[in-house]
Amino acid sequence: MASEGKNLVGVDIGSTSIKVCELKETRRGLSLVRFGFHPLPEDAIVDGQIVGPGAIVDGLQRLFHKQRRKHVALRASGHGVIIKKISMPILKPEELREQIGWESEQHIPFDRTEVQIDYQVLGTREADGQMDVLLVAAKREEINDLTNIAREAGLRPVVIDLDAFTVQNVFERIHGMPPHHETVVLIHSGASLTTVNVISRGITAFTRDIAMAGEAITEDIQRRLGVSRAEAEAYKCGLEGYGPPPPEVYPTIDETVDRLAAEIQRSLDFYLATSGDDAIHRIYMSGGTANLDSLVNTVAARQGVVVERLDPLLAAPPDPKLVDPTALMGRSLQAVVSVGLALRKEKERR
Ligand SMILES: Nc1ncnc2c1ncn2[C@@H]1O[C@H](COP(=O)(O)OP(=O)(O)OP(=O)(O)O)[C@@H](O)[C@H]1O
Ligand SMILES: [Mg+2]
């Protein structure tokens, strides 16, 4: 990825909160110079759809109050997006640009006029005259809604990215590209969406979105115990305020976590069965729901692989003079996408 110019401000509008992150290149490397967190009400984003734009505009305005830098990289929710690895005959860049629209029609179940297409050549296989291309199609309407909200809050959206790629950006910044013989899986689990991204032979080999994450666990606790959402959330996250959690909380968490881990396993089994790859070597998890030990442990047990958490602060340690450490406390796994977005630059070609 060729890039120049200043780092953009990363703005991750998730279904439960907005995360804002700003990085700066210093002589000692990258440093985190700003982190902002603003919780969103339950009815702002439902099932990945923006239904209460006012609360989001208001949150953004608060987070950017008195801030001069307004050029931002936004995260698009994966709900309206399709990512596919496709094979095409080897083409020159300008030929590919012309043909990708037609090619995408065969792979994307939406009308071509309704989607915005982006793509990246992953590699060429000279022997059989083919190249692998990563095709990304996002519903134009959803992207427009998102950028309109940002503009209404006074921001200038420059880049739009997806969870899977921002997490991969952070991973590569910390650990480098894995060697070709190693298959690494990045799993990002937030409130409504869990994204699985397999990196193999140095490229994104497979991605899948699972429409289940932390919110499903909270809802199950709420239903099973007959408590409010706030109470269920507090029990799940180990927060104070409602006293010690009733004992039924833990089996409820474990059951829902196991359903999610089973879904993840199904995705990885599918990848292994169809890719010719024979093993997964390392798994890294991020997103708020990766705070749950039971999720990390269940994924590790089901896959038989060590699972680590991806700490974005290793990519950009916070500047203690500028970032209040309490703002980040317990939230570093939730900050991964905003850090990945903030790694993007103003002038950049992917
Ligand atoms: N310590 C914790 N233990 C368990 N769950 C937690 C903890 N901290 C946060 N979570 C859960 O993580 C989720 C929020 O994570 P995150 O901020 O990554 O999601 P989001 O970006 O708002 O959602 P999405 O990307 O899915 O739209 C919530 O479901 C929250 O309950
Ligand atoms: Mg998120």
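Under my numbering, the first residue of the sequence shown carries the number 1371, and numbering increases by one thereafter.
For each residue, glycine too, the CB sits at the ideal point set by N, CA and C.
Ligand 1 heavy atom lying under 6 Å from the CB of residue i
i, result
"Gly1658", "yes"
"Ala1602", "no"
"Ser1562", "yes"
"Lys1606", "yes"
"Gly1380", "no"
"Ala1583", "yes"
"Asn1661", "yes"
"Ser1664", "no"
"Ser1598", "no"
"Gln1704", "yes"
"Ser1387", "yes"
From the options, residue whose alpha carbon lies closest to that of residue i
i, options, result
"Lys1436", "Val1503, Asn1377, Gln1673, Gly1524", "Gly1524"
"Glu1603", "Gly1596, Glu1589, Pro1614, Gly1613", "Glu1589"
"Ser1401", "Glu1392, Ala1575, Thr1553, Gly1596", "Glu1392"
"Thr1553", "Lys1454, Ile1569, Pro1411, Pro1695", "Ile1569"
"Arg1467", "Tyr1489, Ile1478, Met1547", "Tyr1489"
"Phe1434", "Ser1645, Arg1482, Gly1406", "Gly1406"
"Thr1577", "Ile1420, Asn1377, Gly1422, Val1451", "Val1451"
"Ala1508", "Ala1446, Glu1465, Ile1456", "Ala1446"
"Arg1714", "Asp1531, Thr1696, Val1693", "Asp1531"
Close-in-space but distant-in-sequence residues of the same chain around residue i (CB under 6 Å, 5 per side omitted)
i, result
"Ser1385", "Ile1415, Ala1561, Ser1562"
"Gly1700", "none"
"Ala1534", "Thr1565, Asn1567, Thr1577"
Cβ neighbours of residue i in the same chain (closer than 8 Å, five flanking residues each side left out)
i, result
"Val1666", "Met1655, Ala1660, Val1677, Arg1679"
"Val1706", "Thr1536, Val1537, Val1540, His1558, Ser1656, Gly1657, Leu1680, Pro1682"
Cβ-heavy atom distance, residue i to ligand 2, below 6 Å
i, result
"Gly1700", "no"
"Gly1384", "yes"
Residue i versus residue j: straight-line alpha-carbon distance, rounded
i, j, result
"Leu1698", "Val1709", "12 Å"
"Ile1557", "Ser1387", "19 Å"
"Gly1499", "His1551", "24 Å"
"Lys1394", "Ile1460", "39 Å"
"Asn1377", "Arg1594", "46 Å"
"Gln1704", "Val1506", "24 Å"
"Pro1411", "Gly1584", "16 Å"
"Asp1647", "Arg1571", "10 Å"
"Gly1399", "Leu1430", "28 Å"
"Glu1512", "Val1381", "16 Å"
"Gln1673", "Ile1519", "40 Å"
Cβ neighbours of residue i in the same chain (closer than 7 Å, five flanking residues each side left out)
i, result
"Met1582", "Thr1564, Leu1630, Glu1633"
Proximity test, Cβ basis, 7 Å: residue i and chain C
i, result
"His1550", "Here there is only one protein chain, and chain C is not present."
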